Every structure is written in C-alpha cells, then in structure tokens.
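Here is the structure we will look at.
2 protein chains.
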Amino acid sequence: MAVELKGLTKRSENYSQWYNELVVKADLAEQSAVRGCMVIKPYGYAIWEKMQHELDRMFKETGHVNAYFPLLIPKSYFTREAEHVEGFAKECAVVTHYRLKNAEDGSGVIVDPEARLEEEYIIRPTSETIIWSTYKNWIKSYRDLPILCNQWANVMRWEMRTRLFLRTAEFLWQEGHTAHATSEEAEEEAKTMLGVYGDFAENYMAVPVVRGVKSANERFAGALNTYTIEGLMQDGKALQCGTSHFLGQNFAKAFDVQFLDKNNKLDYVWATSWGVSTRLMGALIMTHSDDNGLVLPPKLAPIQVVIVPIYKNEEMLKQIDARVDSIVKNLRAMGISVKYDNADNRRPGFKFADYELKGVPVRLVLGGRDLENGTIEVMRRDTLEKETLALDGIEQKVKDMLDDIQANIYRKALALRESETFKVDTWEQFKEQIEKGGFILAHWDGTTETEERIKEETKATIRCIPLEADEESLQPGKCVYSGKPSTRRVLFARAY
Amino acid sequence: MAVELKGLTKRSENYSQWYNELVVKADLAEQSAVRGCMVIKPYGYAIWEKMQHELDRMFKETGHVNAYFPLLIPKSYFTREAEHVEGFAKECAVVTHYRLKNAEDGSGVIVDPEARLEEEYIIRPTSETIIWSTYKNWIKSYRDLPILCNQWANVMRWEMRTRLFLRTAEFLWQEGHTAHATSEEAEEEAKTMLGVYGDFAENYMAVPVVRGVKSANERFAGALNTYTIEGLMQDGKALQCGTSHFLGQNFAKAFDVQFLDKNNKLDYVWATSWGVSTRLMGALIMTHSDDNGLVLPPKLAPIQVVIVPIYKNEEMLKQIDARVDSIVKNLRAMGISVKYDNADNRRPGFKFADYELKGVPVRLVLGGRDLENGTIEVMRRDTLEKETLALDGIEQKVKDMLDDIQANIYRKALALRESETFKVDTWEQFKEQIEKGGFILAHWDGTTETEERIKEETKATIRCIPLEADEESLQPGKCVYSGKPSTRRVLFARAY
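Protein chains in written order, with my numbering: chain A, 268 to 763; chain B, 268 to 763.
Structure below.
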C-alpha cells in the first residue's frame with residue numbers, strides 16, 4: 268500500500284481530477300472489479316467509522332434504536348407506492364436465480380436455469396417498502412407508537428456514471444424509518460433529524476450547510492416534504508449532504524398499516540425516513556482539502572497528531588524515543604489519537620508529504636537539537652504554519668491547536684460560502700453567475716415548469732427553499748426566469 | 268410491539284419449539300417476507316451491537332483495521348479456486364439484470380430483458396475472492412505485508428431450511444482477511460484469532476467453548492486448516508461458534524498475488540480468514556435461557572438493571588420516583604445501564620414477566636413499605652432468587668451481583684458441558700450415547716471414509732480435534748468405528 272506522492276493535480280487546473288486522484292492517493296477508496304462499486308480502504312473507512320460513531324450517538328440521544336431489515340425486496344413491493352417505483356425501482360440490481368451449476372461441457376460455472384425464482388428480488392435501493400411491510404405486524408394501537416428505528420446498511424442503485432464516494436452503485440448509509448400517530452409528530456421528527464444532520468455537518472465535519480425544504484420536483488419519491496442540508500464545495504458546486512422526509516401516510520396506505528387511536532378509531536400511520544451516506548466523505552474531502560492533500564477536521568481524523576523524529580544515529584533516536592514516549596502517553600490520556608512514526612525505511616521528507624496528503628491535523632517533529640534546546644517543531648495542516656515551541660507543556664498546546672483547527676476550517680469554509688452566495692435578479696445575471704459557480708438566491712414563480720426550464724438551460728437546480736433567510740429574501744419579488752410573482756427567494760446551484 | 272407473554276413452550280417438552288418461540292416472544296428477531304431472511308428487531312440488534320463493540324475492540328487491540336469490499340462478486344471469480352466454488356458458489360443469490368420496466372400490458376413492473384448483465388454477479392457468501400482480487404493491487408513487496416483487514420458486512424447463502432439466527436439466507440458477520448509473508452506468520456494469525464474468539468465467547472458471552480482443529484472433511488472450502496470454537500447447547504447438540512482458517516497460498520495463487528521478499532525473490536502471499544456471525548445470538552440464547560425466557564450475561568445485556576415501582580397513588584409514586592432518581596444516577600455513573608419503568612399502562616406483574624422474558628439480569632422493586640423501611644427488593648434473573656436489601660448502598664450490591672451473575676452462568680454452562688462430555692470406547696456405546704446427546708470423546712482412525720460412515724449412521728460429526736486434552740485422550744487407541752489404530756481421541760456430536 269505504498270503511497271504515491273508525486274503529481275497530485277492542482278485544484279485550479281482540474282478540480283474534478285484533483286478529487287479523483289486525492290481519494291486514491293490518500294488511501295481512502297478505489298474502484299473495484301465490480302462495475303461502479305468501490306473498495307473503502309482502511310484509512311477511508313476509519314474516517315467513516317468516526318462519522319458513524321458520532322451520528323449513532325446522536326440518534327440514540329434523540330430516542331432512536333437500531334434494527335436490521337432484509338437486503339432483498341420482493342419486486343411486487345415496489346409497485347405498491349406509485350411514485351416510489353418510478354423514482355427507484357428502475358435502475359437496480361435484480362436477483363433472478365438462486366443457484367449456479369457446473370456447465371455440462373466443463374467450461375465452468377453457469378446459472379442453473381432450473382433455479383429461477385418465482386418472484387424476482389431487488390437489492391434494496393432504500394428500505395421503505397420492506398420496512399413498512401414489517402411495521403404492519405408491529406403496529407396495532409397508538410400504544411405501539413412511535414417506532415423510532417434506524418438501520419446501518421449497504422444499498423445499491425445501478426448508477427450509470429459513478430465517482431468514488433459521490434455516486435457509487437453500492438454505498439453505505441444509515442436510514443431512519445419512523446412511525447407516528449399524528450401528522451404533526453411525524454413532521455416534527457423529520458425536522459428534528461434535519462437538525463441532527465445539520466449539527467453533525469457543522470460541528471463534526473466542519474462543513475457549513477444550508478438547511479431547507481426541497482421543491483416538489485426534487486422531493487424523495489413518495490414523500491410529502493423533503494428537508495435537506497446543502498453544502499457548497501470549493502469549485503462552486505452544491506452537494507446534498509443529507510435528507511429527511513415527511514412521508515405522510517403514503518407508505519402506511521401502500522402496506523395497509525393502520526392503528527387504533529386513543530378514541531378507538533382506525534387511522535393510517537404517519538411516517539418519516541431520513542438518511543446520510545458515504546457521500547458525506549465526498550463533502551468532507553471537497554470542503555477542506557488543498558493542493559497538498561486532505562485537510563481533516565480533528566474531530567473526525569483517525570490520527571490527530573503524528574510525531575516524526577529526526578536523528579543522525581541510533582543513540583540519538585533512543586533519546587528521542589524516550590522523550591516522545593511521555594508525550595504520546597500524555598496526549599492519549601487527553602483522548603487524543605497520536606502516532607509516533609520512527610520507522611527507518613522512509614525518510615522524514617517522505618513522511619511529511621505522506622501525512623500532509625493524509626490530512627493529519629498536527630505534526631510534531633523532534634530532532635537532536637530540539638532535545639538540547641527543550642523545543643519541538645509544530646506544524647498545523649490547515650494553514651501549513653510551522654513554529655518552534657517549548658517541549659514542556661506541549662500537550663496542552665497541541666490540544667488547543669486541535670480545537671483551533673476544528674474552528675478555523677469551519678470559519679474558512681463558511682467565509683467561502685458567504686462570498687460565493689449571490690443574490691441575482693435578472694436572467695442574464697443568473698446565466699452569467701451560474702457559469703462561475705456558487706449559490707444563487709433568486710426569485711422563482713413556484714412552478715415545476717419554470718424549475719425544469721431553468722435546469723435545461725443552465726443545469727442549475729433548486730437546492731432548497733432555505734429555512735433561515737434574511738428579511739430581504741423573504742419579501743415578494745418577480746421570478747428570475749418567468750417574471751411572474753414570487754413569494755421569496757430560493758437557493759439555486761449546479762450540483763453533484 | 269406488545270409482548271405476548273403466555274405460553275412459552277418448556278424446554279423439556281420441545282427444545283426446538285422453545286427456541287423458536289423465545290426468539291420471537293423476546294423481541295429478538297422474526298421471519299421477513301423474503302424467503303429465509305430475518306428482521307433483527309431493536310432488542311435483538313442491541314445485543315448484537317454489544318457483541319460487535321467488544322469484538323471490534325479486540326480486533327483493533329490485536330492490530331487489525333476495518334475496510335469495506337463490494338457486496339457483489341463476478342461469477343468468474345468463484346471458479347478460480349476449485350474447492351471454494353464447490354463449497355460456496357452453488358446455492359447463492361445471482362444478479363442477472365440491472366433494470367426493471369413497466370410491462371407493456373400495464374400489468375406492473377417486469378425485469379427488462381434488454382438489461383441483462385454480460386457476466387452475472389453473486390451476492391457474497393464470503394469475500395475471499397473479491398478481497399484477494401483487490402489485494403493483488405495492494406501487495407508488491409514484503410514491506411506491504413502484513414495486511415490485517417476486517418470487514419463488518421451482510422452475506423447471503425441460499426439455505427433451504429432456515430432458523431432464526433442459527434441458519435438464515437442473509438446474515439450479519441465480520442470476516443477478517445489477512446495477508447502474510449510467511450506460512451508461520453499466517454498460521455500464527457489464524458491461531459491468534461481463534462484465541463480472540465475463545466476469549467470473547469467465554470468472557471463476554473459466558474459460553475464455554477472447546478478450541479480445536481477441524482478434520483479435513485469439515486474444513487472451510489479452500490483452507491489448509493480450520494480452527495474452531497464449539498459450544499454445547501442445553502439439548503446436547505453442538506454449535507460451531509466461530510472459525511479461523513489458515514488458507515495457505517491457495518487464494519494468492521488463484522488471484523496471482525505475489526510479493527518480493529527480503530531477498531528480492533518472488534513468492535505467493537500467505538493468507539488467513541476468520542469470522543463470527545449473528546449465529547452467536549443463537550449460541551447465547553440456547554446456552555443460558557430457561558423456561559421463563561432469556562437469561563443474558565450482564566456484559567452483553569442492553570438493559571442490565573430494571574427498576575419497577577409499586578404504588579397505591581400518585582403521591583406515593585412521586586416519593587418513589589424521587590428516591591429512584593438517585594439510584595439511577597449512581598448506577599449510570601458506575602457504567603451500568605438501567606431502566607426505570609414507571610409507565611402506568613402495565614401492571615407490575617406484567618412488567619415482571621416481561622423483563623424476565625427479556626433476560627434483564629437484575630430487577631429492583633421499590634414500594635411504599637420499602638420506602639418507610641429503607642429497603643428494596645432485588646431479584647437476579649439467573650437463579651430467580653429474591654431478597655430484600657437495605658436501600659443505602661444498594662448500587663454497589665447491584666454491581667457485585669452483576670459480576671456474580673456473569674461468573675455464575677458461565678460456571679453453570681461449564682458444569683453442564685462437563686457432565687455432558689463422555690468418553691466412549693465401543694460402537695454400541697457411541698450409538699447409545701449420541702441419541703442422548705452431549706459431546707463424545709472417542710478414538711477415530713483419521714480417515715474421511717470412517718468419518719462419513721459415522722455421520723451416515725448416527726448424524727454425528729467430528730466437531731474438532733481439541734487443542735487442549737487430558738493425558739488419557741492423547742494416548743493411542745482403537746477407532747470406535749473401524750477398530751483401526753487411532754492416535755488420540757477427537758470430539759464428536761450432533762450439531763446445529
């Protein structure tokens with residue numbers, strides 16, 4: 268797994284290529300032999316595990332429990348919810364047989380034609396249908412509600428064009444599926460989970476996001492309302508980072524899930540679903556990283572601090588080892604993950620470049636001269652600034668620096684988003700700005716027709732109707748495309 | 268999700284039915300609409316999560332990292348390792364198409380015949396082939412070794428007869444796949460992981476296991492050596508709880524994975540793989556539980572302590588609530604998971620039966636009289652013993668009791684296994700004993716032929732050649748079936 272350090276394309280040259288190379292060179296993921304499916308390598312998976320850990324904690328703190336539902340879904344289940352089948356069931360992996368056999372001509376192994384399934388199964392692209400068919404057996408009365416389940420799982424969508432983490436045929440995600448006695452409670456749940464996602468993105472990933480509601484056209488297939496968090500990447504394109512859906516009674520009706528309410532009256536159950544996926548890895552990478560490689564928020568970095576010794580001989584290395592030993596112990600006792608890299612098969616310069624590429628937030632370098640002077644060299648990955656500090660008490664300074672890096676990369680990303688968000692009032696301006704990238708706040712007449720025309724002409728989509736907006740954005744105006752009346756500005760961008 | 272408390276079949280009446288009912292009544296899992304696939308319900312999944320958490324920690328402490336590999340495997344990959352395809356590729360889910368479409372007659376959604384895959388994919392029954400095709404790109408020299416990867420994943424095997432947790436078409440597991448420069452190092456790794464599994468089974472699940480080596484006939488398809496841990500269930504049948512395989516160079520050869528050793532000589536890489544699955548849930552349930560329901564080891568119980576109030580009026584409940592509040596806080600501060608169930612829609616008797624069914628290790632009951640007397644009633648689930656203790660300092664007593672329960676259920680299971688392990692020296696005895704159940708230590712001539720005859724005539728298999736045995740068992744003798752020379756006793760049983 269030797270790291271290839273040479274020649275990471277610069278963002279300014281080709282942002283897309285920079286991203287593709289970085290994912291591979293930083294050992295995050297790679298293409299597999301299976302069309303559109305990725306291998307998530309140990310370093311990339313360690314970041315995903317940290318994300319999972321925090322999200323799972325946040326889900327549990329908001330009253331959710333985990334469960335597991337089948338990977339396969341009977342084909343007929345998809346046809347029960349009309350919009351859902353249109354949105355999901357078409358491009359998917361279909362299981363038709365359950366056995367292989369040796370070819371009679373000895374040429375290898377073939378699908379046994381006798382082992383054809385009566386009804387085909389679909390590998391889940393999302394689990395609403397299989398889960399609501401299960402909830403039917405779990406729910407009889409209002410006493411069985413709410414059900415607040417989450418599932419960590421793999422899903423599959425047969426995407427034609429794939430990119431590591433951003434769009435892959437198989438990806439990992441969590442999907443929450445909740446059942447409620449009232450419309451209000453379900454809508455509230457959908458909003459709560461949007462809040463959890465927003466907090467996670469901003470406070471752990473250090474990715475500022477706009478919280479909003481999708482237009483009817485961009486809703487999840489089968490939802491009455493889709494809430495979303497939208498990030499802005501460094502190239503001026505938007506990335507949808509997570510969605511939370513108020514599903515109304517659509518799935519309860521499709522699977523006939525009714526309950527007796529407190530007045531002993533039968534009603535259909537109200538639903539939400541919500542999910543984030545390994546796509547978040549793409550958001551993390553594209554928001555912070557630079558031409559030297561990854562920049563990781565300390566809260567999600569598998570290695571927060573790396574220590575590299577510089578020595579002329581074994582004797583000096585032993586002295587450095589001894590001094591580093593206590594630093595490592597102290598940092599670990601403070602809950603900081605630290606790696607001491609005194610391997611002798613790679614030179615310091617190579618190590619420096621490698622850990623920069625991998626986005627380790629803080630690097631400490633200790634040499635013989637430092638030992639004599641009682642100093643140590645500290646570099647922070649976000650600014651690449653180096654300084655020489657006193658060895659004594661270095662642990663607390665490192666801890667403070669990690670906090671500062673976490674805050675700084677968020678501020679930096681937020682400043683970029685603010686400088687790249689534009690209010691636009693004419694169609695000419697709109698077309699001009701969309702070529703340059705960024706978020707555009709513009710008036711829209713509220714029709715799907717206009718939305719689709721804008722998309723056809725500029726590839727821009729309505730990312731969301733923001734939940735928070737300044738006074739001016741909430742005033743009526745005229746649609747930037749049609750000139751018809753608009754109640755407020757909405758957020759446009761080209762998106763991943 | 269109301270609990271059905273009535274009528275759990277007794278173990279003595281029908282052990283198999285007792286198990287099936289218990290899994291469902293205790294809210295652990297249920298059958299899904301997909302043939303042979305289960306839904307793991309929140310309470311069952313919470314136990315599995317605790318298992319995962321401890322195992323994952325143990326894997327990391329022994330130097331392993333997690334990664335993720337594709338769900339689908341190209342059909343041709345299976346044919347590369349001859350034994351492997353015989354063992355695995357036959358009964359499996361085959362993906363042949365990647366699209367559905369609306370039927371032209373409007374009858375629904377059908378598989379689009381135009382979207383047939385050039386090469387079919389198999390849903391992974393195990394991942395050696397896809398992983399070794401990946402390792403080929405990761406390994407060039409001895410410096411890239413060892414690779415110590417683990418994956419938490421779902422896998423699928425098209426089983427004809429399924430039982431919840433014990434044998435399901437889809438199940439959850441972890442699979443470790445390691446690559447090494449020498450045969451010795453790989454063999455050592457396989458043994459290390461057997462040790463981890465054994466420790467986990469005994470110290471967390473409280474399930475005593477026999478560590479051993481499989482006979483050639485019972486080896487994993489493609490392995491040179493399979494290590495196993497074998498448990499004995501209360502009905503006298505064995506359950507294989509986990510296996511660790513020394514794969515030699517078989518997969519490296521099948522996928523042409525070579526490396527330059529320290530002398531610059533090319534050689535094939537040495538491999539291991541090892542796994543445990545949701546089958547462990549079956550072992551956990553069957554080892555400890557009784558006619559009242561689950562008995563869970565405190566270390567894996569989602570709820571370790573439940574507190575139930577008994578009150579005549581709201582006023583009294585308020586007083587109890589206030590006193591319980593500090594007990595809950597103190598227990599939580601000690602790292603103990605506790606639930607205070609003061610819900611007023613279920614009567615105490617119902618709650619008692621429910622928490623017994625669910626195997627909560629310790630139950631505290633606090634009534635008005637107790638408050639006056641400064642006492643509390645404590646019941647331990649393993650023995651069902653009740654006693655009244657002083658309220659003051661109850662927290663430490665509960666903690667000690669949890670430790671005692673953990674130790675006691677292990678001792679009890681170990682005593683049962685010891686009393687149900689028999690040395691047998693004649694074929695008549697063997698046939699008689701196998702009908703009664705238990706582990707049989709008997710001499711075997713070492714041939715697959717004899718092993719298969721014994722299986723045909725008695726349904727008993729060689730569970731393993733134990734790694735630890737008393738002196739007498741290691742002496743030569745005569746095969747219990749053929750009378751031919753035997754080097755030592757091996758372990759037979761009927762198995763799940």
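Backbone N, C-alpha and C fix where the C-beta goes; we use that ideal spot for every residue, glycine too.
This structure is a prediction, so every number in the text was calculated from the model and none was measured.
* Asked: Any idea which residues DSSP pairs His320 (chain B) with across the strands?
  -> Looking at the DSSP assignment, His320 (chain B) forms no beta bridge with any residue, so it has no partner.
* **Stretch-stretch touch, CB-based, cutoff 8 Å, three pairs: the stretch 368 to 388 of chain B with the stretch 312 to 323 of chain B** => no
* Find the nearest neighbour of Asp608 (chain A) within the set A:Gly602, A:Val627, A:Asn597, A:Ala568, judged by alpha-carbon distance. => A:Val627
* To do: Measure the C-alpha to C-alpha separation of Leu631 (chain B) and Asp558 (chain B) and round it to an integer number of angstroms.
  => 21 Å
* Using a Cβ cut-off of 8 Å, pull out every chain B residue sitting near Trp425 (chain A), in sequence order please. => Tyr365, Arg366
* **DSSP state of Gly479 (chain A) mapped onto helix, strand, coil** => DSSP places Gly479 (chain A) within a strand segment (E or B) once states are collapsed to three.
* Asked: Looking at the C-beta of Thr401 (chain A), does it have a partner C-beta in chain B at a distance below 8 Å?
  -> Judged by the 8 Å Cβ criterion, Thr401 (chain A) is in contact with chain B.
* Note down, in chain order, each residue of its chain lying with its Cβ closer than 8 Å to the Cβ of Glu719 (chain B), except the 5 sequence neighbours on either side. => These residues qualify, in order along the chain: Asn484.
* Interface residues of chain B around Leu439 (chain A) at Cβ under 8 Å? -> Tyr335
* Check whether the Cβ atoms of Ile406 (chain B) and Phe526 (chain B) lie closer than 8 Å to each other. => yes
* Asked: Anyone know if the C-beta pair for Phe522 (chain B) and Lys679 (chain B) falls short of 8 Å?
  -> no
* Name, going along the chain, the residues of the stretch 562 to 592 of chain A whose beta-carbon falls closer than 7 Å to a beta-carbon of chain B. => none
* Asked: What does His710 (chain B) pair with, by DSSP beta-bridge criteria?
  -> B:Arg756
* Could you tell me whether the Cβ of Gly375 (chain B) comes closer than 8 Å to any Cβ of chain A? => yes
* Is Ser753 (chain B) near Asp692 (chain B), with beta carbons less than 8 Å apart? -> no
* **Exposed unless 16 or more other CB atoms sit within 10 angstroms - verdict on Pro743 (chain B)** => Within 10 angstroms of the beta-carbon of Pro743 (chain B) lie fewer than 16 other beta-carbons, which makes it exposed.
* Report the option in A:Thr728, A:Ser749, A:Glu739 whose CA atom is closest to the CA atom of Ser482 (chain A). => A:Thr728
* **Straight-line gap, Glu497 (chain A) to Gly354 (chain A) (C-alpha atoms, nearest Å)** => 21 Å
* Taking His444 (chain B) as part of the beta strand (DSSP E), name the residues at either end of that continuous run. => Membership of His444 (chain B) in the beta strand (DSSP E) is indicated by the continuous run 437 to 447.
* To do: Say whether the stretch 375 to 385 of chain A touches the stretch 328 to 335 of chain A, bearing in mind that this needs 3 or more beta-carbon pairs closer than 8 Å, one atom from each stretch.
  => no
* Asked: So, does the CB of Ser299 (chain B) fall closer than 8 Å to a CB anywhere in chain A?
  -> yes
* To do: Following the continuous beta strand (DSSP E) through Arg240 (chain B), name the residue where it begins and the one where it ends.
  => The first residue shown for chain B is 268 and the last is 763, placing residue 240 (chain B) beyond what the model contains.
* **Proximal chain B residues relative to Thr346 (chain A), where beta-carbon distance stays under 8 Å** => Gly375, Val376
* Would the stretch 577 to 592 of chain B and the stretch 545 to 554 of chain B be scored as touching if the rule is three or more Cβ pairs under 8 Å? -> no
* **Closer than 8 Å to chain B by CB, Val270 (chain A)** => Confidence at Val270 (chain A) is low in this model, with a pLDDT of 47, below 50, so its placement is unreliable and the value that follows should be read with caution. Val270 (chain A) does not count as touching chain B.
* To do: Can you say whether Met460 (chain B) is buried or exposed, counting buried as having 16 or more other CB atoms within 10 angstroms of its CB?
  => buried
* What number of angstroms, rounded off, separates the C-alpha of Val665 (chain B) from the C-alpha of Lys327 (chain A)? -> 25 Å
* Is there a Cβ from chain A that is less than 8 Å from the Cβ of Arg428 (chain B)? -> no
* **Assigned exposure category for Asp472 (chain B) - 16 Cβ within 10 Å defines buried** => Asp is not the amino acid found at residue 472 (chain B); the sequence shown has Met there. Label assigned to Met472 (chain B): buried.
* To do: Could you list which residues in chain A have their beta carbon closer than 8 Å to that of Glu316 (chain B), in chain order?
  => For Glu316 (chain B), the C-beta contacts it makes with chain A under 8 Å involve Asn333, in order along the chain.
* Would you mind reading off the limits of the alpha helix (DSSP H) that contains Gly616 (chain A)? => 615 to 624
* **Start-end ranges of the alpha helix (DSSP H) lying completely within the stretch 534 to 560 of chain B, minimum 4 residues** => 546 to 555
* Asked: How many whole angstroms separate the CB atoms of Arg647 (chain B) and Ala709 (chain B), which I take to be in contact at a CB cut-off of 8 Å?
  -> Rounded, the Cβ-Cβ distance is 39 Å, inconsistent with contact.
* Note down, in chain order, every chain B residue with its Cβ under 9 Å from the Cβ of Glu358 (chain A). => The answer, in chain order, is Tyr365, Arg366, Leu367, Ala382.
* Below 8 Å CB to CB, which residues in the same chain sit around Glu687 (chain B) once its five sequence neighbours on both sides are set aside? => Leu499, Gly503, Gly704, Gly705, Phe706
* **Partners in chain A for Tyr388 (chain B), counting only beta-carbon separations shorter than 8 Å** => Neighbours of Tyr388 (chain B) in chain A, taken as residues whose beta carbon is under 8 Å from its own, are Val301, Ala360 in chain order.
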